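The listed protein sequences correspond, in order, to chains A and B.
Counted the way this note's numbering counts, the first sequence spans residues 5 to 252.
Counted the way this note's numbering counts, the second sequence spans residues 5 to 252.
Beta carbons are placed, not taken as given, at the ideal position from N, Cα and C, and that holds for glycine.
It should be emphasised that the depicted structure is a prediction, and the values quoted were computed from it without experimental measurement.
2 protein chains.
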Amino acid sequence: MARTEAAIEGTYLRGENGRGDKIAGQVGARNSAAARLRLAVPSVAERVADELRLQLAEGQLPPGARLTESTIAEELGVSRNTVREAFAELTSERLVVRHPNRGVFVASLGAEDIHDVYTVRRAIEVSAIRGGGTPEAVAAVRSAVEEGKRAAAADDEEGLGNANQHFHGAIVALADSPRLQAIMSQILAEMRLAFHKASSDAPFYGGYLIANEEICVALESGDLDRAAKLLLAYLDRSEEDQAAIHGA
Amino acid sequence: MARTEAAIEGTYLRGENGRGDKIAGQVGARNSAAARLRLAVPSVAERVADELRLQLAEGQLPPGARLTESTIAEELGVSRNTVREAFAELTSERLVVRHPNRGVFVASLGAEDIHDVYTVRRAIEVSAIRGGGTPEAVAAVRSAVEEGKRAAAADDEEGLGNANQHFHGAIVALADSPRLQAIMSQILAEMRLAFHKASSDAPFYGGYLIANEEICVALESGDLDRAAKLLLAYLDRSEEDQAAIHGA
DNA sequence: TTTTGCCGATTGTTCAACAATCCAGCGATT
DNA sequence: AATCGCTGGATTGTTGAACAATCGGCAAAA
């Protein structure tokens with residue numbers, strides 16, 4: 005928790021200098037191009053949520069950890085009410101759970117949750133791949149597969165993990181559905197929450213690479229039924245793997 | 005908007021008597037049994053969100069309408085901050101959209117949104133029915149079908165609509181997945197938002213009844229593939245119907 | 001040992017203030 | 001007459017401070 009303040013200090017939020025009034029102007033002055041581009045400056049509450057999300061994804065704030073409003077408000081240099089709004093957002097994303105009158109805690113997924121998450125993934129991903137998608141969307145899937153191959157060749161473990169996420173993101177993107185994509189990214193966030201330690205298993209993603217290639221080929225050849233079946237099998241296997249390392 | 009205050013006054017929130025401090029105690033004293041039963045009293049923010057959700061579903065607050073923080077805070081006798089928290093919740097449910105610095109507005113679905121909603125439904129419902137489900141869950145589907153038949157016989161239009169919703173809820177319940185169920189109920193809330201006027205079309209649900217029966221039979225007989233195909237066809241047709249009355 | 005009752009800490013909620021932002025209207029300019 | 005720029009009023013975004021309600025733990029009592 006010590007890193008917190010420094011981390012945002014440099015990017016967005018103020019540290020400890022009274023009221024944080026003019027930061028939008030400062031950022032705009034220092035980086036006017038970016039300021040002009042995204043003309044919608046995220047609200048402070050959103051930025052707090054972003055920061056917390058980041059710490060959650062990185063495994064700072066382990067599951068079960070308690071998040072005290074006043075502490076976080078102080079560390080991030082914002083008001084307690086604002087932290088509260090950020091908590092509301094994170095709660096709706098299931099990254100954090102609220103125990104009434106006791107506080108919010110980092111969500112921790114049990115075995116049923118893992119199964120449930122995969123149930124959602126099966127529903128979404130299989131449905132998306134069954135739809136086929138535009139040639140460009142299919143190309144994006146192929147691109148993610150190649151990215152994975154390169155990472156494997158370079159022995160880049162983290163890159164492999166990212167490529168795998170891109171792959172599944174591209175699968176969902178086949179459906180061209182904002183809502184499905186939103187759901188998927190939430191689900192992935194939940195998984196990161198529970199598995200960020202597991203991602204350090206070296207030969208872990210290795211087997212997936214072949215499966216991804218197979219799925220991609222089936223998709224490209226228009227054999228959607230086969231692609232769907234392969235993807236389903238992949239997800240089942242992945243669930244087993246995750247359940248194994250999680251239960252242990 | 006005039007009904008607002010009275011509506012909650014009688015149930016949950018206070019009216020206009022200074023600080024709303026002791027209401028929890030009052031309610032508890034006046035109805036101690038209930039207080040002991042549901043030991044988790046929903047927070048004020050949640051109650052505000054509930055009330056707004058209700059008005060949204062009932063078609064009070066038409067799509068596009070603006071929700072001013074101060075106005076609602078006054079009407080419901082709560083603080084602006086609390087209203088704000090309720091807004092955050094509704095925003096995460098897509099029932100309401102936030103235009104930064106301009107306020108929140110009742111969401112209004114365009115043609116793409118309708119299509120998107122159905123894309124999600126196809127993914128979830130088809131996946132759920134493909135899984136089969138326990139005998140009890142199947143029985144629940146059957147029960148919803150029968151409910152629909154009774155409503156049709158009694159010429160109960162609203163009952164027919166409810167039965168239809170129960171039917172699809174039961175379909176999703178087949179998957180026994182809290183997350184899928186949550187997603188589905190949000191999607192249904194979105195649809196209510198856009199279609200509450202359309203539900204007064206009399207012969208509207210009529211055709212669906214037969215489809216539901218067919219799907220249910222296929223499900224009961226274990227022919228999941230056929231059930232899934234029928235359900236998919238149903239959803240496609242339903243989307244067309246909705247798009248028609250929406251576009252017109 | 002179990003229960004009771006109290007204490008400190010934290011949450012839930014309110015209120016009041018103020019800067020930032022947007023919108024509508026209005027006048028000035030072309 | 002149409003456009004531009006300005007200004008004022010209204011609303012949002014955020015803060016800080018206050019206080020009751022509630023929870024968990026701990027010590028005293030049974």
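So, do the stretch 241-248 of chain B and the stretch 106-122 of chain B have three or more beta carbon pairs nearer to each other than 8 Å?
Taking 8 Å as the limit for Cβ pairs, the verdict is that the stretch 106-122 of chain B does touch the stretch 241-248 of chain B.
Hey, is the stretch 223-235 of chain A in contact with the stretch 126-133 of chain A, meaning 3+ C-beta pairs nearer than 8 Å?
Judged by pairs of C-beta atoms under 8 Å, the stretch 223-235 of chain A touches the stretch 126-133 of chain A, as three or more such pairs exist.
Decide yes or no for the touch test of the stretch 98-118 of chain B against the stretch 62-70 of chain B: beta carbon pairs closer than 8 Å, at least 3 of them.
Under the 8 Å Cβ criterion, the stretch 98-118 of chain B counts as touching the stretch 62-70 of chain B, having at least three qualifying pairs.
Are the beta-carbon atoms belonging to residue 222 of chain A and residue 174 of chain A less than 9 Å from one another?
For the pair residue 222 of chain A and residue 174 of chain A, the CB atoms are not nearer than the 9 Å cut-off.
Is there a Cβ of chain B sitting closer than 9 Å to that of residue 139 of chain A, yes or no?
Taking Cβ atoms only, chain B never reaches closer than 9 Å to residue 139 of chain A, which makes this a no.
Where residue 340 of chain A meets chain B, residues with beta-carbon distance less than 8 Å:
In this structure chain A extends from 5 to 252, so residue 340 of chain A is not present and cannot be described.
Three CB pairs or more closer than 8 Å across the stretch 182-189 of chain B and the stretch 46-55 of chain B
When Cβ pairs closer than 8 Å are counted between the two stretches, the stretch 182-189 of chain B is seen not to touch the stretch 46-55 of chain B, the count staying below three.
Helix, strand or coil for residue 82 of chain A per DSSP?
Per DSSP, reduced to three states, the secondary structure at residue 82 of chain A is coil, with no helix or strand assignment.
Taking 9 Å as the threshold (C-beta atoms), are residue 94 of chain A and residue 58 of chain A in contact?
No; because the gap between Cβ atoms is not below 9 Å, this pair is not in contact.
Kindly give me the distance between the Cβ atoms of residue 142 of chain B and residue 224 of chain B, rounded to whole angstroms, as I take these residues to be in contact under 8 Å.
Sure, about 6 Å apart at Cβ, within 8 Å.
Distance, Cα to Cα, residue 80 of chain A vs residue 64 of chain A?
Their backbone Cα atoms lie some 15 Å apart in a straight line.
How many angstroms separate the CA atom of residue 148 of chain A from the CA atom of residue 181 of chain A?
Our two residues, residue 148 of chain A and residue 181 of chain A, have alpha carbons roughly 19 Å apart in a direct line.
Using a threshold of 9 Å, state whether the C-beta atoms of residue 226 of chain A and residue 136 of chain A are closer than that.
Judged by their CB atoms, residue 226 of chain A and residue 136 of chain A are nearer to each other than the 9 Å cut-off.
Going by C-alpha to C-alpha distance, which of B:83, B:117, B:171 sits closest to residue 195 of chain B?
Taking only the C-alpha atoms, the option nearest residue 195 of chain B is B:117.
Per-residue burial, residue 152 of chain A [other beta carbons within 10 Å of its own, 16 or more giving buried]:
Result: buried.
Where does the unbroken alpha helix (DSSP H) through residue 163 of chain A begin, and where does it stop?
DSSP places residue 163 of chain A in the uninterrupted alpha helix (DSSP H) bounded by 161-177.
Can you give me, in chain order, the residues of the stretch 207-229 of chain A that have a beta carbon less than 8 Å from any beta carbon in chain B?
Listed by position, the residues of the stretch 207-229 of chain A near chain B (Cβ gap below 8 Å) amount to none.
Beta-carbon of residue 147 of chain B versus every beta-carbon of chain A: anything under 9 Å?
Output row for residue 147 of chain B: interface = no.
Hey, quick one: how far does the beta strand (DSSP E) through residue 103 of chain A stretch, first residue to last?
Residue 103 of chain A -> beta strand (DSSP E) spans 100-103.
Residue 134 of chain A: buried (16+ other C-beta within 10 angstroms of its C-beta) or exposed?
Buried, since its Cβ has 16 or more Cβ neighbours within 10 Å.
Between the CA atoms of residue 92 of chain B and residue 76 of chain B - distance to the nearest angstrom
Cα-Cα distance, rounded: 14 Å.
Any C-beta of chain A under 9 Å from that of residue 159 of chain B:
Chain A contact via Cβ: absent.
Between the C-alpha atoms of residue 61 of chain B and residue 139 of chain B, what's the straight-line distance to the nearest angstrom?
Going by C-alpha positions, residue 61 of chain B is about 32 Å away from residue 139 of chain B.
Nearest residue (CA-CA) to residue 103 of chain A, options B:220, B:46, B:171, B:249
The shortest Cα separation from residue 103 of chain A among B:220, B:46, B:171, B:249 belongs to B:46.
Would you report the Cα separation of residue 3 of chain B and residue 165 of chain B, rounded to the nearest angstrom?
Lying outside 5 to 252, the shown extent of chain B, residue 3 of chain B is not represented and no answer is given.
Do you know offhand how far residue 115 of chain A's Cα is from residue 247 of chain A's?
The straight-line gap from Cα to Cα measures roughly 7 Å.
Residue 167 of chain B to residue 146 of chain A, Cα distance in whole Å?
Each residue's Cα considered, the two are about 44 Å apart.
So residue 96 of chain A and residue 96 of chain B are in contact, right, with Cβ under 8 Å, and what is the actual spacing, rounded?
Taking a contact as a CB-CB distance under 8 Å, the pair residue 96 of chain A and residue 96 of chain B counts as one, their CB atoms being some 4 Å apart.
Between residue 169 of chain A and residue 177 of chain A, which are expected to be in contact by the criterion C-beta below 8 Å, what is the C-beta distance as a whole number of angstroms?
The pair is not a contact, with the Cβ atoms about 12 Å apart (cut-off 8 Å).
Closest by C-alpha distance to residue 126 of chain B, when choosing among B:249, B:172, B:199, B:98
Looking at B:249, B:172, B:199, B:98, the one whose alpha-carbon comes closest to that of residue 126 of chain B is B:172.
Going by DSSP in three states, residue 228 of chain B sits in which element: helix, strand or coil?
Of the three classes helix, strand and coil, the one that applies to residue 228 of chain B here is helix, per DSSP.
Straight-line Cα distance separating residue 197 of chain A from residue 250 of chain A
Those two C-alpha atoms are separated by around 12 Å.
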